[in-house]
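Scroll down for the structure; my scribbles are underneath it.
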Amino acid sequence: MSSPASTPSRRRGGKRGRSSNPPTPQDARSPPSQRRRADDSASTGDLQPMPTSPPADAQSPGAPDALFSSPPQFRHSAIPLDFDISSPLTYGTPSSRVEGTPRSGVRGTPVRQRPDLGSVRKARQVDLHSDGVAEDVVATEQSLGQKLVIWGTDVNVASCKEKFQRFLQRFIDPLAKEDEDVGLDLNKPRYMQRLEEINMVGEPFLNVNCDHLRSFDENLYRQLICYPQEVIPTFDMAANEIFFDRYPDSILEHQIQVRPYNALKTRNMRSLNPEDIDQLITISGMVIRSSQLIPEMQEAFFKCQVCAFTTRVEIDRGRIAEPSVCKNCNTTHSMALIHNRSMFSDKQMIKLQESPEDMPAGQTPHTVALFAHNDLVDKVQPGDRVNVTGIYRAVPIRVNPRVSNVKSVYKTHIDVIHYRKTDAKRLHGVDEETEQKMFTEERVAILKELSKKADIYERLSSALAPSIYEHEDIKKGILLQLFGGSRKDFTHTGRGNFRAEINILLCGDPGTSKSQLLQYVYNLVPRGQYTSGKGSSAVGLTAYVMKDPETRQLVLQTGALVLSDNGICCIDEFDKMNESTRSVLHEVMEQQTLSIAKAGIICQLNARTSILAAANPIESQWNPKKTTIENIQLPHTLLSRFDLIFLMLDPRDEAYDRRLARHLVSLYYRSEEKMEEEYMDMAVLRDYIAYARSYVNPRLSEEASQALIEAYVDMRKIGSGRGMVSAYPRQLESLIRLAEAHAKVRFSEKVETIDVEEAKRLHREALKQSATDPRTGIVDISILTTGMSATARKRKEELAQALRKLIQSKGKTPALKYQQLFDDLRAQSDTAVTKEMFEEALRALADDDFLTVTGKTVRLL
Amino acid sequence: MPCVADWLNNPFSIVQGIFAQNVPNSDWEKKVTEYFKEKLKENNATNWVPSLNDVPVHYLKPNSLVKFRCMVQDMFDPEFYVGVYETVDPNTNARVLHFGKYRDVAECGPQQEIDLNSSQTVTLERQTFYCVPVPGESAWVKEISFLTYASQARVSPSTSYTPSRHKRSYEEDEDMELHPSKQKEQHMGNSSGGDIHGCVEPKRLETEASAGHHLISPNCSPPLDLNFPLPGEKGPACLVKVYESWDSFKVNDVLEVYGILSVDPVLSIVNNEERDSSALDPMECMDTAEEQRVHSPPASLVPRIHVILAQKLQHINPLLPACLNEEESKTCEYLHLTSLFVSNFMSELSPVRAELLGFLTHALLGDSLAAEYLILHLISTVYARRDVLPLGKFTVNLSGCPRNSIFTEHIYRIIQQLVPASYRLQMTIENMNHSRFIPHKDYTANRLVSGVLQLASNTSLVVDETQLEQGQLDTTGVHNVTALSNLITWQKVDYDFNYHQMEFPCNINVLITSEGRSLLPSDCQVHLQPQIIPPNMEEYINSLLTAVLPSVLNKFRIYLSLLRLLDYSISDEVTKAVEEDFVEMRKNDPESITADDLHRTLLVARFLSLSAGQTTLSRERWLRAKQLEALRKGRLQQQKCVNGNEL
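Going down the list, the sequences are from chains A and B.
The working numbering puts the first residue of the first sequence at 82, with every later residue one more than the last.
The working numbering puts the first residue of the second sequence at 61, with every later residue one more than the last.
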């Protein structure tokens, strides 16, 4: 505990850098090797232009970006070939171009300070074998060779540099298949290609994946993690040497800066502790607030009012020590700060909050402050999910400079070195990667073991919402929905994406725990949304445009459907949803996109969401004498978009009641632990699903496709026998999706016949429940597709014909009494004719322009 | 009798002593906690510690040991502090080690300097909780816990604060813990006007006055919102610094902490200094002014407690021993006392129940069925969750309440007298549209802004729907109502974190009073059938409250708190019987008996058994539960008919 704890003090005690020797314009002691690193104040003071200033940033990167796909967050300002002399910011420094343009080579390219590393200064080195602190041994690093290390670390600059150069020159990623690798030759050293890119694009930043470094040289990686402040400048040096060796004529804005990312110990914020201070860490989180740009003075420029002697003072621990005496004329208090010639760097304070997934239940999220410097300023906005790599710092707070008491608390923050947006890709293109959860090898082994079990399908489905009793098939359906089908892309053939998500509608009596099932699913999946049809408006589901109160900008706020992209949107009380809201779902449920044209914003958002909806029957109790459509009164255009429609009915059978009672009673006294033993853990289930979703992508096997074809033909046949169509291509697609999902359950890369069998069974089961014609008892898909069963349609036609005959038989009477006609028809017909049926028949005839109904009379036309 | 104890008045000297003895190794931290644990175990020692709940901050001695009964309202970020530091005397170069634990400021003598670069410096981590007094805590809880303390503390000079008004009564009553006296009885008698809060009012006023005084600070900054969940709450909010196992505490947990009070005025100076120098030093301005105000408010207003011992409380009823849970009480010294207490009380359970039933029947205008259900409701608690389903919640909708607010107000007054924490939520359009129900994160100040629904476990929430008029709910209103119904159905509240929502499970007993059926969901609706209509409701209730003896009232309180904590089981036999019953009922009437009914009847049976002190379900109880349900349903049916006829 004590060693890491003492780090903050040690750092400050190190007295690295200039603070010990007051900076003078002629710092002759600076050794050549160090001067090459262009130590800020002295050697390059006059050469150095103002740090990146807004005008430079304003120039758009333009063409180079179109050609090269470097990560967007590093899309920085263009290569300022020259300085805009008219710019007020270069005022007073025209002489900065003394070296002549175009400058090139290591020597010519200015070094930009790296405020993210504290300040880059000479690291004091010590000889490991000598006891005393060797003063100014820096000069002789070459001669003393291997024994020299930077004070307080075990880093030897020379060997470290050499190793890193070797890494850059030789490293070939064996596992290369990363999203950033677009346009890279995987068989050539990866980072040399990067350097080439830098040469062409002119963005002097080299992003280094720490994971690569680790696989190349474990020790170097460890040093990087433990002593980033010392090691990264060494890396910079190494990278620049190689770069200017290869491309001596290259012109860069400043020297290349190495930005490591993905330090393997990616931590969540909660696990940060004092041991991490001053180490390189990568944490993920969500940006919640960003400050305005803060110009931070790096170097102050003082001028004597008396003799015009000038001097520069560097920032030291956040303070500038104003010279009280002019060195030239010895006048006291004559030095005045010249703002225009002082150097500033951009800085921004950002608050990062831990991502909701990382948080233990019942606690509030932690936050951590980030400081972004220079290019990294304004790279992230509040709401972004980012992975941040940086150095963790702790700074003591002084109560009062005049009082020796110190507040015993440190302020902590992270100096950002690298950002990586985790959800940037969600906006465009395929995004399997984002869902990627880190699975440990043991976890994967457990999951694979599980998947080999013969009854895994049953196991998983019973693990789903164990508190809900029975309804096995419904649970199986929902399970398949959780896994989803394989995503297929037919864009090139003009069909666009095929829907891989499975939609399910549950309808049934109130109190059959539909809501509970929905609630469970919502809690299970990482990106689930739960809305109630009663309370949601079209706007809440889709997206709305809002004026940001602060910036007065229009902001697109996404609704439940968009938020559940790649997840499940649970909609309760589906039937209570109003018409316009429901119409939004049409597009989402088939095309999986959402089009918005509002307040000048026209766009199409991805909404690849599965929909799990629950609806109550219109008469509060399910009427078994009616069809599904009649019972829930939903437009069949919408119903046909559901792959499975289940009825959750009260079975009313004694054995069921008995089991149900036993189940419920057990709920009320058994302890929680006991219950958990019996079923699979929710966490295991969640991991299992997540793993299958991201790693298993089954394809249809030959037999399976044959079986699917057969199944489809069979379904069509059933219908055609009775003069109606009982299956549509949509049903075939559903079958495919279900079969794929079932294969995923088994972690199988191939869809086999058993998957098709189960898909068929489940589909039939759902059909049996929802598409059975209550009059004939035959499964009839047209109930769902046209809203009316074939027999019902036939009956309706027959009745209309009978009515027409009846009226015609009455001869030429221009008007008939409504009631009279009804009674006559009833008397004539051999089946019972209800008033509704009669009215329907009248309407049908009216549509044929045969008659009109006005009030209580029926007129012939 | 205790003398001027160092550990109470000057705990730093103790810590220093232990620290000095063990300094090279880090054992000393453990030893400090051990020491205080031992001390507090001593006979009634916990009662000598002044409580921040009872005594205004400015009466307490800084750096003394205090206790605080509170709810964790928000958790701030963990902070790193110097655990051990070294000071140097520049003249003599003498080095001294100090500990930074339990302190806000690393102190050193006038001639010394802190050597931040010393190799001895140890950085440690601690967590800050923003704690508020338990929201809706009933007046009697405060009063009794104060009396308990005061009766002990008269010898302890750690505070000069003893409200003179009470003095006589303390000296008279020795056995204050269980029977807060005839004195109180008199008090109640005197204040028959109905002001039962009267006795604590002056003390509160004092607190307020002091708070008010600080609010008008020379800075003239706007008054600090202390972020109490419920409107109109008063009391000290506190920054509680936790040094150990802070992961085990959650938001909304009720804690009792023992720790060192820190009201160092330096802390406030720090603030100002920082604000002044912020322009100069960019390092300091990383927090916004608001954030600073919230995270380091003036110590006089929001004192700091550096926790030595903290424990989660199962209940806040001062009449009960603190730890009743078997596992926890293993470590508890009072184990035998506790079990003795419980078994003693259990033996006289049935008369207490009968009396309580009678009392509530009177309160509910002679409706004994409603009273029965009210008892069940009051002892209900969420005892487990099956995936998303909370088990054991029993929300009662008391319909048929007379449409004048006086009745529900009085019901609430009665409940307030019985349960340790409660809140009456008036469901008016105005209230729904304008009050803050759901806590939300304020990112500028970086804190969780509280809302009405941020309540501790087992708080009674009385929703008064009789106040509701026709009108338009706006967006906030809809959100609020949704949140309320989510709370009732799932026993959870989704806190609003702006970019996402986070679910916080809760355990709140909701009682809805309404005229007709409530618009909020409920587990069971009981239609009130008043037998007597008193001409003057207020008088009636007042006389009812004065008639009941405080000792009896206390028994009611113990009864309700204790039964909640009992275990419960159902034997196989009874399970069979219940099964049979259910099948039978379904056969006879498949339309009206559903799984929901079984759920409810099982719940009723559970609480019915518990209310009689039985921890297993017996056949008789099951039948009785069915009978109650039948009666209740009969009434509803009847009501429907009546309404139908009227229409």
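The beta carbon of each residue, even a glycine, is placed where N, CA and C say it ideally should be.
On a predicted model such as this, the values are computed, not experimentally measured, just so you know.
Go through its chain and collect everything with a Cβ distance to residue i's Cβ below 7 Å, but skip five positions before and after it.
i, result
"residue 597 of chain B", "466, 467 and 470"
"residue 691 of chain B", "429"
"residue 180 of chain B", "144, 146 and 157"
"residue 633 of chain B", "none"
"residue 532 of chain A", "827 and 828"
"residue 818 of chain A", "566, 581, 583 and 724"
Exposed or buried, what is residue i when buried is set at 16 or more other beta-carbons lying within 10 Å of its beta-carbon?
i, result
"residue 890 of chain A", "exposed"
"residue 651 of chain A", "buried"
"residue 90 of chain B", "exposed"
"residue 529 of chain B", "exposed"
"residue 531 of chain B", "exposed"
"residue 659 of chain A", "exposed"
"residue 592 of chain B", "exposed"
"residue 566 of chain B", "buried"
"residue 68 of chain B", "buried"
"residue 612 of chain A", "buried"
For residue i, which residues in the same chain have their Cβ closer than 6 Å to its Cβ, ignoring the five residues on either side in sequence?
i, result
"residue 87 of chain B", "none"
"residue 685 of chain A", "674 and 676"
"residue 75 of chain B", "92"
"residue 175 of chain B", "146 and 148"
"residue 923 of chain A", "934"
"residue 708 of chain B", "Beyond the ends of chain B as shown, which are 61 and 707, falls residue 708 of chain B; an answer cannot be given."
"residue 756 of chain A", "Because residue 756 of chain A sits at a pLDDT of 49, beneath the cut-off of 50, its placement in the model cannot be relied upon, and the point is left open."
Selection of the region 282-311 of chain A by Cβ proximity to chain B, strictly under 9 Å:
none
Can you confirm whether the region 433-444 of chain A touches the region 270-283 of chain A when touching is taken to mean that 3 or more C-beta pairs between the two stretches lie within less than 8 Å?
no
Considering only residues of the region 454-525 of chain B, which uninterrupted beta strand (DSSP E) runs meet the minimum length of 3 residues and lie entirely inside it, listed in chain order?
456-459, 482-486, 500-502, 507-509 and 519-524
Closer than 7 Å, Cβ to any Cβ of chain B: which residues of the region 596-614 of chain A, in chain order?
597, 600, 601 and 604
What residues in the region 362-383 of chain A have a beta carbon less than 7 Å from any beta carbon of chain B?
367, 369, 370, 375 and 377
Taking 8 Å as the cut-off, does the region 735-746 of chain A touch the region 486-500 of chain A (at least 3 CB pairs, one atom from each stretch)?
no
Is it a yes or a no for the region 628-646 of chain B touching the region 419-434 of chain B, going by three-plus beta-carbon pairs under 8 Å?
no
At a CB distance below 9 Å, what residues from the region 549-574 of chain B approach chain A? Give them in sequence order.
549, 550, 555, 557, 558, 559, 560, 561, 562, 563, 564 and 565
So, do the region 238-245 of chain A and the region 313-327 of chain A have three or more beta carbon pairs nearer to each other than 8 Å?
yes
Using a Cβ cut-off of 8 Å, which residues of the region 490-504 of chain A contact any Cβ in chain B, in chain order?
490, 491, 492, 493 and 494
Using a Cβ-Cβ cutoff of 9 Å, what residues of the region 437-448 of chain A are near chain C? List them in chain order.
No chain C appears in the structure shown, which is made up of the protein chains A and B.
Let me know the alpha helix (DSSP H) ranges lying completely inside the region 72-109 of chain B, each 4 residues or longer, listed in chain order.
87-101 and 105-108
Could you run through the region 455-466 of chain B and flag, in chain order, every residue whose CB is less than 7 Å away from some CB of chain A?
none
On the three-pair Cβ rule with 8 Å, is the region 478-486 of chain B touching the region 399-414 of chain B?
no
Whole alpha helix (DSSP H) elements within the region 422-458 of chain B, 4-residue minimum
428-438
Taking only beta carbons into account, state which residues of the region 733-746 of chain A come closer than 8 Å to chain B, listed in chain order.
733, 735, 738, 739, 741, 742, 743, 745 and 746
Using a Cβ cut-off of 8 Å, which residues of the region 659-672 of chain B contact any Cβ in chain A, in chain order?
659, 662, 663 and 666
Could you run through the region 163-175 of chain B and flag, in chain order, every residue whose CB is less than 9 Å away from some CB of chain A?
163, 164, 165, 166, 167, 168, 169, 170, 172, 173, 174 and 175
Any contact between the region 534-553 of chain B and the region 492-506 of chain B? By contact I mean 3 or more CB pairs, one from each, below 8 Å.
yes
Selection of the region 395-426 of chain B by Cβ proximity to chain A, strictly under 7 Å:
none
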